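For the sequence shown, my numbering assigns the number 770 to the initial residue and increments by one for each residue that follows. Here a beta-carbon is modelled for each residue, glycine too, at the ideal position from N, C-alpha and C. Keep in mind the model is a prediction, meaning the values are calculated, not measured. Here is the structure we will look at.
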Amino acid sequence: MNYGIVTKVLGNLLLFETAAFALPLVVAIMHRGPDIGAFSYSILITAAVALPMSRLPRPKSDLRVKEALLIVALGWLLVSSFGSLPFLLSGSIPSAMDAFFESVSGLTTTGATIIDDIEQLPEGILFWRSFMHWLGGMGILVLALAVLPMAGVGGFHIFKAESPGPISDKLVPKLKDTAKILYTAYLGLTVIQGLLLYFGGMSVYDALLHTFGTVGTGGFSNYNDSIAAFDSSFLRMVIAVFMVAAGVNFSLYYALYQGNFRRMWRSDELKLYLLIIMTAALLITVSLQASNYGSVWERFQHAFFQASSFTTTTGYTTTDYEQWPEFAQSILFFLMFVGGSAGSTGGGIKVVRWLVAGKLIGYELRKILHPRAFVTLHVSGRAVPQETITGIVAFLFLYGMIFVVSSVVLSLLEGVPFISAASSAAATLGNIGPGFGVIGPGETYSHFTIPSKALMSLLMFLGRLELFTFFLLFTPAFWKQ
């Protein structure tokens, strides 16, 4: 293990976070808020740690897989730890565990908060909470690869370890150019949505924060009532549409830019992803017909919004969905285990894994009927390698085991009904945020004990880092030379 190269890259990453603190500092200065000093000291402290690390001699070799995995795991831990400094230093969140939980939730785009009254926080702190969604949405190390030389090392292993989903390929030969392409699309969605929200009636500040929360599929708002604070059908639909857009594989946007419409048309994952959202929205709309939700169009708006929010793991809300019929609530609960597309900012299991699992069932049925036939599994016209199929099956099993164990542990720690414990585990492991029961709409995670918050912080990391990246660190083989 080359610890020198690991330290240098982590130092560069912390320098990047130091620069990121500048934006909320500007916001704090513009509003003359009490959090100016908090961001100033956060910059000084983070820079004091980052500079010596980044000044190590230039590495003579490229990153290996082990070092890349360690960088990704430690990088997210360090960035989350230093990201909690503004909360602590400003006094907005006096508890170190709570500040760390909020920071992890922001960067992993979970959107679970421990703050009961969000609206009393300074503007700079609120900006930082939502801006963390944007930083972590596509991957903070991928973002750093796009704008920094990252110590001159090869970073493809970092890209693969951090990219959300089972398949991560470079779009162009140079990884830095791939990162730039992804973030160009990401920035494009950000600008377009921000403008639409602004012209739809939001202030510049509100439009920025809710755009960060949407394209990053995070869900932090600067209002206690989330999107319900805006009584506007236009704003609801804009946010819903862009949640769906953020959950699409970003490589498809590059194909669209190149005029390769055939690739988008042939994407089985995109078709299934849109089918799931629209089917769920229509079923919820029908189930709401006996409820007091006005016209069919109004019912569809709320249904489409919540289906998009849960599927893409964004977590925004427009209404108290726990007042909906049990059928509608059950659909939302199952959507917590779907996730966005691979290569998107959405969290969760990912649609492509369910697609492959479904095709695998058909594959086994055909093998029973035709035992000697050679059958290959295809997704979007491409054969899926056996190692990818094995990895997906292993991932689904591991995800299910973690969900069950963490649900039981949370139920024991908190003494809450199992549905609340299971919902909390699913919401944090899937990077969703809100759920059901004690973490329903309008509720926060503030009432959980410190051990439970530590466990759920771990679940948020596990969900964002695709499980295997984290668990490999605890295998003896990982640390052998």
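Could you check what DSSP says for residue i in three-state terms: helix, strand or coil?
| i | result |
| --- | --- |
| His1139 | coil |
| Ala1111 | coil |
| His800 | coil |
| Ala1097 | helix |
| Asp994 | coil |
| Arg824 | coil |
| Val1017 | coil |
| Arg1035 | coil |
| His1147 | strand |
| Thr1244 | coil |
| Ala954 | helix |
| Ala1152 | strand |
| Gly1199 | coil |
| Phe989 | coil |
| Ile862 | coil |
| Arg833 | coil |
| Lys1040 | helix |
| Met907 | coil |
| Thr959 | helix |
| His1216 | coil |
| Phe1106 | coil |
| Ile884 | coil |
| Val1120 | helix |
Measure the CB-CB distance between residue i and residue j and report whether it falls below 8 angstroms.
| i | j | result |
| --- | --- | --- |
| Glu888 | Asn1029 | no |
| Gly1115 | Gly1016 | yes |
| Ser872 | Phe896 | no |
| Leu746 | Ile840 | For residue 746 there is no data in the structure shown, the boundaries of the chain being 770 and 1250. |
| Gly1109 | Val1120 | yes |
| Val1255 | Glu892 | Beyond the ends of the chain as shown, which are 770 and 1250, falls residue 1255; an answer cannot be given. |
| Met1012 | Thr1081 | yes |
| Gly1279 | Thr882 | Lying before the first or after the last residue shown, residue 1279 is absent from the chain, which here runs from 770 to 1250. |
| Gly988 | Thr1083 | yes |
| Thr1213 | Leu838 | no |
| Ile1158 | Val1125 | yes |
| Ser849 | Arg1035 | no |
| Ser1226 | Glu1183 | no |
| Leu1146 | Tyr1132 | yes |
| Phe1172 | Ala1195 | yes |
| Val1144 | Arg1151 | no |
| Phe851 | Leu779 | no |
| Thr1086 | Ser995 | yes |
Rounding to the nearest angstrom, what Cα-Cα distance links residue i and residue j in this structure?
| i | j | result |
| --- | --- | --- |
| Ser1254 | Phe1205 | The chain is shown only over 770 to 1250; residue 1254 falls outside these bounds and no answer can be derived. |
| Pro1210 | Ala997 | 11 angstroms |
| Met919 | Ala868 | For Met919, the pLDDT reaches just 49, beneath the cut-off of 50, and the residue's location in the model is therefore unreliable, leaving the point undetermined. |
| Leu1241 | Gly970 | 48 angstroms |
| Ala1049 | His1071 | 12 angstroms |
| Ala1014 | Gly1160 | 27 angstroms |
| Asp975 | Ala954 | 22 angstroms |
| Ile862 | Ser1192 | 25 angstroms |
| Phe1096 | Tyr1090 | 11 angstroms |
| Leu1104 | Pro1094 | 16 angstroms |
| Ile950 | Phe1166 | 33 angstroms |
| Leu1052 | Asp804 | 46 angstroms |
| Arg710 | Ser1077 | This structure gives no information on residue 710, because the portion of the chain shown stretches from 770 to 1250. |
| Phe1187 | Ala807 | 39 angstroms |
| Val775 | Glu836 | 6 angstroms |
| Ala789 | Leu964 | 22 angstroms |
| Glu1156 | Leu1234 | 19 angstroms |
| Leu820 | Val1207 | 43 angstroms |
Select from the options the residue whose C-alpha is nearest the C-alpha of residue i.
| i | options | result |
| --- | --- | --- |
| Lys1170 | Ala1152, Leu1198, Ile1188 | Here the sequence assigns Met to residue 1170, which means Lys is not the residue at that position. For the residues Ala1152, Leu1198, Ile1188, the minimum Cα distance to Met1170 belongs to Leu1198. |
| Leu890 | His902, Phe1079, Gly860 | Gly860 |
| Pro1203 | Pro1245, Arg1141, Phe1102 | Phe1102 |
| Met1047 | Phe1074, Phe785, Ile805 | Phe1074 |
| Ser823 | Gly773, Ser849, Phe1011 | Gly773 |
| His1216 | Ser1036, Asp885, Ile894 | Asp885 |
| Trp1066 | Phe1003, Leu1039, Phe785 | Phe1003 |
| Glu1230 | Thr787, Ala842, Ala1024 | For clarity, residue 1230 is Phe in the given sequence; the question names Glu instead. Measuring from the Cα of Phe1230, the nearest candidate turns out to be Ala842. |
| Phe1164 | Tyr1132, Gly1117, Leu1138, Val1055 | Gly1117 |
| Gly906 | Ile961, Thr980, Val1185, Met866 | Thr980 |
| Arg801 | Leu977, Ile894, Val1055 | Ile894 |
Locate the alpha helix (DSSP H) running through residue i, then write down its first and last residues.
| i | result |
| --- | --- |
| Ile1158 | 1155-1183 |
| Asn781 | 772-789 |
| Thr1238 | 1237-1240 |
| Tyr974 | 973-984 |
| Pro855 | 854-859 |
| His1071 | 1065-1080 |
| Gly875 | 865-876 |
| Ala1223 | 1219-1233 |
Cβ of residue i versus every heavy atom of the ligand GDP: is any distance shorter than 7 angstroms?
| i | result |
| --- | --- |
| Thr1238 | The ligand GDP is absent from the structure shown, which contains no ligand whatsoever. |
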